[in-house]
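For reference, the structure is listed below as structure tokens.
2 protein chains.
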Amino acid sequence: MTRPSAGMLFTDQYQLSMAQLYFKYGLHERRAQFDYSFRSYPDYGRHQAGYGVFAGLESLIDWMTDVRFTAEDLELMRSQTGATGKRLFDDDFLEWLDAEGHFGGIEMRAIPEGRVVHPLAPLVIVQGPLAMAQILETSLLNHLNYQTLIATKASRVHEAGRGGMVLEFGMRRGPAEGTNAGTRAALIGGADFSSNVGVSHELGLAPKGTHAHSMVQVFMALGMGEIGAFRAYAETYPDDCLLLVDTIDTLSSGVPNAIEVFRELRQQGHEPRGIRLDSGDLAYLAIRSAHLLDDAGFGDVGIVLSSNLDELAIWQILAQIREEAARYGVDPERLISRLTYGVGTRLITSQGHAALDGVYKLVAFHDEGEWVPAIKVSESPEKIPIPGDKRVWRVYDQRHNATADVVAMAGEDLQTGGPLVLHHPYRNGVHRVLEQVDVERVEPLHIPVFSGGRRVGEAATIDEMRQRRLDDLERLDPGVRRLVNPHIYHVSLTDQMKRLQSDLIDRLQPGA
Amino acid sequence: MTRPSAGMLFTDQYQLSMAQLYFKYGLHERRAQFDYSFRSYPDYGRHQAGYGVFAGLESLIDWMTDVRFTAEDLELMRSQTGATGKRLFDDDFLEWLDAEGHFGGIEMRAIPEGRVVHPLAPLVIVQGPLAMAQILETSLLNHLNYQTLIATKASRVHEAGRGGMVLEFGMRRGPAEGTNAGTRAALIGGADFSSNVGVSHELGLAPKGTHAHSMVQVFMALGMGEIGAFRAYAETYPDDCLLLVDTIDTLSSGVPNAIEVFRELRQQGHEPRGIRLDSGDLAYLAIRSAHLLDDAGFGDVGIVLSSNLDELAIWQILAQIREEAARYGVDPERLISRLTYGVGTRLITSQGHAALDGVYKLVAFHDEGEWVPAIKVSESPEKIPIPGDKRVWRVYDQRHNATADVVAMAGEDLQTGGPLVLHHPYRNGVHRVLEQVDVERVEPLHIPVFSGGRRVGEAATIDEMRQRRLDDLERLDPGVRRLVNPHIYHVSLTDQMKRLQSDLIDRLQPGA
Numbered sequence: 001m002t003r004p005s006a007g008m009l010f011t012d013q014y015q016l017s018m019a020q021l022y023f024k025y026g027l028h029e030r031r032a033q034f035d036y037s038f039r040s041y042p043d044y045g046r047h048q049a050g051y052g053v054f055a056g057l058e059s060l061i062d063w064m065t066d067v068r069f070t071a072e073d074l075e076l077m078r079s080q081t082g083a084t085g086k087r088l089f090d091d092d093f094l095e096w097l098d099a100e101g102h103f104g105g106i107e108m109r110a111i112p113e114g115r116v117v118h119p120l121a122p123l124v125i126v127q128g129p130l131a132m133a134q135i136l137e138t139s140l141l142n143h144l145n146y147q148t149l150i151a152t153k154a155s156r157v158h159e160a161g162r163g164g165m166v167l168e169f170g171m172r173r174g175p176a177e178g179t180n181a182g183t184r185a186a187l188i189g190g191a192d193f194s195s196n197v198g199v200s201h202e203l204g205l206a207p208k209g210t211h212a213h214s215m216v217q218v219f220m221a222l223g224m225g226e227i228g229a230f231r232a233y234a235e236t237y238p239d240d241c242l243l244l245v246d247t248i249d250t251l252s253s254g255v256p257n258a259i260e261v262f263r264e265l266r267q268q269g270h271e272p273r274g275i276r277l278d279s280g281d282l283a284y285l286a287i288r289s290a291h292l293l294d295d296a297g298f299g300d301v302g303i304v305l306s307s308n309l310d311e312l313a314i315w316q317i318l319a320q321i322r323e324e325a326a327r328y329g330v331d332p333e334r335l336i337s338r339l340t341y342g343v344g345t346r347l348i349t350s351q352g353h354a355a356l357d358g359v360y361k362l363v364a365f366h367d368e369g370e371w372v373p374a375i376k377v378s379e380s381p382e383k384i385p386i387p388g389d390k391r392v393w394r395v396y397d398q399r400h401n402a403t404a405d406v407v408a409m410a411g412e413d414l415q416t417g418g419p420l421v422l423h424h425p426y427r428n429g430v431h432r433v434l435e436q437v438d439v440e441r442v443e444p445l446h447i448p449v450f451s452g453g454r455r456v457g458e459a460a461t462i463d464e465m466r467q468r469r470l471d472d473l474e475r476l477d478p479g480v481r482r483l484v485n486p487h488i489y490h491v492s493l494t495d496q497m498k499r500l501q502s503d504l505i506d507r508l509q510p511g512a
Numbered sequence: 001m002t003r004p005s006a007g008m009l010f011t012d013q014y015q016l017s018m019a020q021l022y023f024k025y026g027l028h029e030r031r032a033q034f035d036y037s038f039r040s041y042p043d044y045g046r047h048q049a050g051y052g053v054f055a056g057l058e059s060l061i062d063w064m065t066d067v068r069f070t071a072e073d074l075e076l077m078r079s080q081t082g083a084t085g086k087r088l089f090d091d092d093f094l095e096w097l098d099a100e101g102h103f104g105g106i107e108m109r110a111i112p113e114g115r116v117v118h119p120l121a122p123l124v125i126v127q128g129p130l131a132m133a134q135i136l137e138t139s140l141l142n143h144l145n146y147q148t149l150i151a152t153k154a155s156r157v158h159e160a161g162r163g164g165m166v167l168e169f170g171m172r173r174g175p176a177e178g179t180n181a182g183t184r185a186a187l188i189g190g191a192d193f194s195s196n197v198g199v200s201h202e203l204g205l206a207p208k209g210t211h212a213h214s215m216v217q218v219f220m221a222l223g224m225g226e227i228g229a230f231r232a233y234a235e236t237y238p239d240d241c242l243l244l245v246d247t248i249d250t251l252s253s254g255v256p257n258a259i260e261v262f263r264e265l266r267q268q269g270h271e272p273r274g275i276r277l278d279s280g281d282l283a284y285l286a287i288r289s290a291h292l293l294d295d296a297g298f299g300d301v302g303i304v305l306s307s308n309l310d311e312l313a314i315w316q317i318l319a320q321i322r323e324e325a326a327r328y329g330v331d332p333e334r335l336i337s338r339l340t341y342g343v344g345t346r347l348i349t350s351q352g353h354a355a356l357d358g359v360y361k362l363v364a365f366h367d368e369g370e371w372v373p374a375i376k377v378s379e380s381p382e383k384i385p386i387p388g389d390k391r392v393w394r395v396y397d398q399r400h401n402a403t404a405d406v407v408a409m410a411g412e413d414l415q416t417g418g419p420l421v422l423h424h425p426y427r428n429g430v431h432r433v434l435e436q437v438d439v440e441r442v443e444p445l446h447i448p449v450f451s452g453g454r455r456v457g458e459a460a461t462i463d464e465m466r467q468r469r470l471d472d473l474e475r476l477d478p479g480v481r482r483l484v485n486p487h488i489y490h491v492s493l494t495d496q497m498k499r500l501q502s503d504l505i506d507r508l509q510p511g512a
């Protein structure tokens, strides 16, 4: 029943071309290792992230578990012809795909979803038969790049809001069906709830939302005015009454009308929930609205802000409130504590940085019983992948803060104590030494996540992923968490890993 | 079998809240009209679009045709509770959704998919029962905003390439499952083919792609070198041999190795297809590679460029080739005629402008047997929707160029001849008069597309949509098509429509 575009053919043509070539050369079942990593933090133009939040892994695993080449897929491939009209894919290859075209032979280790992550160190390590590990590339990158991008943005929005509730509202301008993945990533990364009904339910969270301007317009067209719309809303949802107050004019119409309806609600024994501001100078309107609400005895109802919010907009709104609220007789911190942030387009599209530059690179190839490290040289040193089978460790200092992610050879154990020599991943000669006394502990970051065609262990819940993020953020230097111009977190190579990389590069120079 | 997040619950929570409210007030089956339009052309920072290409309509219609509230959807809604733990949705409303929760009552007229479109004038007009027309909003915006955004970007990329083939390569960094919609929109807007296997097949197009760096690395790890990889590729795909030449070094290794393999191919009676350049200074490398290929007798093989391409990058590459090629003994125009452009991340994410600002606004409401125009005032005049039931006409001048899109009342006929008074959509007093002698013809843009729960007529093919785009582009002033700083195309209101809008705004001022 799966459409071809949602199944195994959710891939790039060249993956299939290469897979057939490997099949023809008897290389298709040789084991290979590919690493997934991203090259740089999202840079939103005026500001750059100092850390990422890893997301999309469980979605990828769900997809990998069920997918295989269907009869329809193979028929489509059989129909495909090249430049001279001859078939591109031969029967023997298609028969092999029919039998072995699934991910049963893939072993995957990964950093758990929701954790704070950094560039260059692999987040996912894939080992398996070359042909299927290659075909996996496109879908793996597609799942992990987009969700990590959005989770990272969501974490920044959450940090900017200083603990205020964040609602994800981006569906109407999100990227088609990809919006669902974006909503999920936002909920892992920093949104508390979403307006997206279907995905919220699937993840076990309540979708959130009240009404739009159109509802007020309907009652106005019927001659019942804005207050008629508000009364109808209060009557329908007496315990969940949150009113959008800017259809006509926020301060002269919306808020006074809302207060009148809130009074009526309270007389009937219900507590109103709040108002939503969706246009204009949100900081100023929040201050003035809070003042009106306070005076009317509604000092506890919430104020939801929406309209073009992102981390910097929220940051600026809070700064403006701190500066101006007192002038209007409003306590700024009390006002800030009642704010909720509805964040739409700028979160679901990661405004300013629309794609994570994650890559999936061949780093080792199994030949004659042993792993042969592979490398690709490049004119940009940061694009040279870290070769060979490896492990990633996180090093914590005596203040319990994460101080570096270290990429080591698979056989190395960093928990034995002794000083750690940490090399810059691509600037030769740049290194630092961490003495044992400065290190609180060393944590291996990868766990096995996929084997034998299925997930290893239980799928994590959204709550567990959120907890991982919060735990990691607490152990991050405040300078790295800063919204603008953050400190650079160290990603380093061990001595052995650095030596392997240098040796391979030397050997692969053209003419060498 | 449909997951809730792909069906009717692919919507925002407030649509359901409002629908229940309308149900409680007996308004749910009153007819309402909502218009879909976008407010401004995408602005990519250094450059802005002068026109849009409309896409996503047939995808939306497919979704609308089959979707209805399922038992699972209703069960999820039944489980939802508000702030005090009471259910949010009552049984009577859920029963109504069970019986009437589909789009059978919706009538939709639209500009056909693939056509050139402009801001403010509605692209889609929806009339139908208020509750279901409201619930439709989120999915409609989601389908149309993203695909129109990507089709518009693709058209610009195609224009920049001056007729050279454009390949869409964005899957690895596209927005999760939304990538499929993005690929489709790119294929309508300007891409000739895509690497996305599943969607290409579903649309009846051949997916395109050859091999990645990893294939060369595998053969290098096996001691067979780059040329071993190229030979294997040529042997597997002798009539479709296109080689990626930058894994080691383009000019000292990749191109010479490719030429050697091309010679072997030709001796065996096969013509090679070309090379792909994926890093470095693409203009310079294209010139030098062309020179090497020419000298070796391969003056006809193609050169595919990829890596961070978008319309401006392509424009600059062509300018650089025109300036520098002769110095290396290469004819620039001949080189340009053999180029193909592989465009990835920057197309699928609409780099620089990540979301179209399309809106779906209530513009009329049926009351006591007649349509009552509705309006929403706003501090930003361009955000005030054009009220009432309406038609959009395109006016062509005597040079056969489209000169304005004109929004008229539903009852007006602009084909009767006589001068046309065209008002600026929101700047009062700004208008121009088109004399009959200056007008070649006037074309109504909308056709009925959805009625009685299904598509009206046949679905258009991708080829038909592409033809509409090409026809419209030919009738567009070259200044409007310009990549940077384009002329502004006129979108105007007729006298009658302008008067209706002004009257409504006057009546709705607060205190009026």
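Just so you know, the protein sequences line up as chains V and D, in that order.
Quick note: the first sequence uses this note's numbering, first residue 1, plus one each step.
Quick note: the second sequence uses this note's numbering, first residue 1, plus one each step.
Ideal placement from N, C-alpha and C gives every residue a C-beta, glycine not left out.
Here the structure is a predicted model, which is why all the values come from computation and not from measurement.
For THR183(V), the number of other beta carbons within 10 angstroms of its own is at least 16, and it is reported as buried. In the three-state reduction of the DSSP assignment, MET220(V) falls in the helix class, which pools H, G and I. Shown here for ASP438(D): same chain residues with a beta carbon closer than 7 Å to its own, the five before and five after excluded, namely ASP397, GLN398 in chain order. By the CB criterion at 8 Å, ALA364(V) and ASN142(D) fall outside the cutoff.
Chain-order list of chain D residues neighbouring TYR146(V): ARG173, GLY174, PRO175, ALA176, GLY178, THR179, by C-beta distance under 9 Å. Judged by DSSP secondary structure, PHE38(D) falls within the beta strand (DSSP E) whose first and last residues are 31 to 38. Bounds of the beta strand (DSSP E) holding TYR360(V) are 358 to 367.
Counting C-beta pairs with one atom in each stretch, the stretch 452 to 471 of chain D and the stretch 54 to 67 of chain D have three or more that are closer than 8 Å, which means they touch. The alpha-carbon separation between PRO425(V) and ARG109(V) amounts to approximately 21 Å. In the three-state DSSP reduction, THR70(V) falls in the coil class, being neither helix nor strand. DSSP, reduced to helix, strand and coil, places ARG3(D) outside both helices and strands of the structure shown, so it counts as coil.
Close partners of ASP239(D) in chain V (Cβ separation under 8 Å): GLY82, ALA83, THR84, LYS86.
Each residue's CA atom was taken as its position, placing VAL199(V) and ALA151(V) some 15 Å apart. Closer than 7 Å at the C-beta level to chain V, one finds no residue of the stretch 104 to 121 of chain D. Interface with chain D (8 Å Cβ-Cβ cutoff): ARG68(V) is excluded. Neighbours of LYS376(V) in chain D, taken as residues whose beta carbon is under 7 Å from its own, are HIS213, GLN217, THR247 in chain order. At least 8 Å separates the CB of MET64(V) from every CB of chain D. Interface annotation for the stretch 19 to 35 of chain D against chain V: GLN20, LEU21, TYR22, LYS24, TYR25, LEU27, ALA32, PHE34, criterion Cβ-Cβ distance under 8 Å.
When 8 Å is used as the limit between beta carbons, PRO4(V) is near these residues of chain D: VAL197, GLY198, HIS201, GLU202, in chain order. DSSP places LYS86(V) outside both helix and strand once states are collapsed to three, so it counts as coil.
GLY198(V) carries a helical assignment under DSSP once its states are collapsed to helix, strand and coil. Beta bridge pairing from DSSP links PRO272(V) with no other residue.
The alpha-carbon of THR345(V) is positioned some 15 Å away from that of ASP43(D). Put simply, of ALA32(D), HIS201(D), ASN257(D) the residue whose alpha carbon is nearest the alpha carbon of VAL216(D) is ASN257(D). Put simply, the backbone Cα of CYS241(V) is about 48 Å away from that of GLU443(D).
For SER155(D), the three-state secondary structure derived from DSSP is helix. For the stretch 123 to 154 of chain V, residues whose beta-carbon sits nearer than 8 Å to a beta-carbon of chain D comprise LEU130, GLN134, GLU137, THR138, LEU141, ASN142, HIS143, ASN145, TYR146, GLN147.
Residue environment: ARG394(D) is assigned as buried (16 or more neighbouring CB atoms within 10 Å of its CB, all protein chains considered). Here DSSP, grouped into helix, strand and coil, assigns GLN127(D) to strand. Residues of the same chain with a CB within less than 7 Å of the CB of ARG441(V), apart from the 5 flanking positions on each side, are TYR396 in chain order. Listed in chain order, the non-local C-beta contacts of GLY101(V) below 6 Å within the same chain comprise ARG68, PHE69, local neighbours out to five positions each way being set aside.
Taking each of PHE298(D), GLU260(D), LEU251(D), ALA296(D) in turn and checking the Cα distance to LEU285(D), the smallest one comes out for LEU251(D).
Burial of THR148(V) is indicated by the presence of at least 16 other C-beta atoms within 10 angstroms of its C-beta. In the DSSP annotation of this structure, the continuous segment of the alpha helix (DSSP H) that includes ILE317(D) starts and ends at 311 to 324. Within 10 angstroms of the beta-carbon of GLN20(D) lie 16 or more other beta-carbons, which makes it buried.
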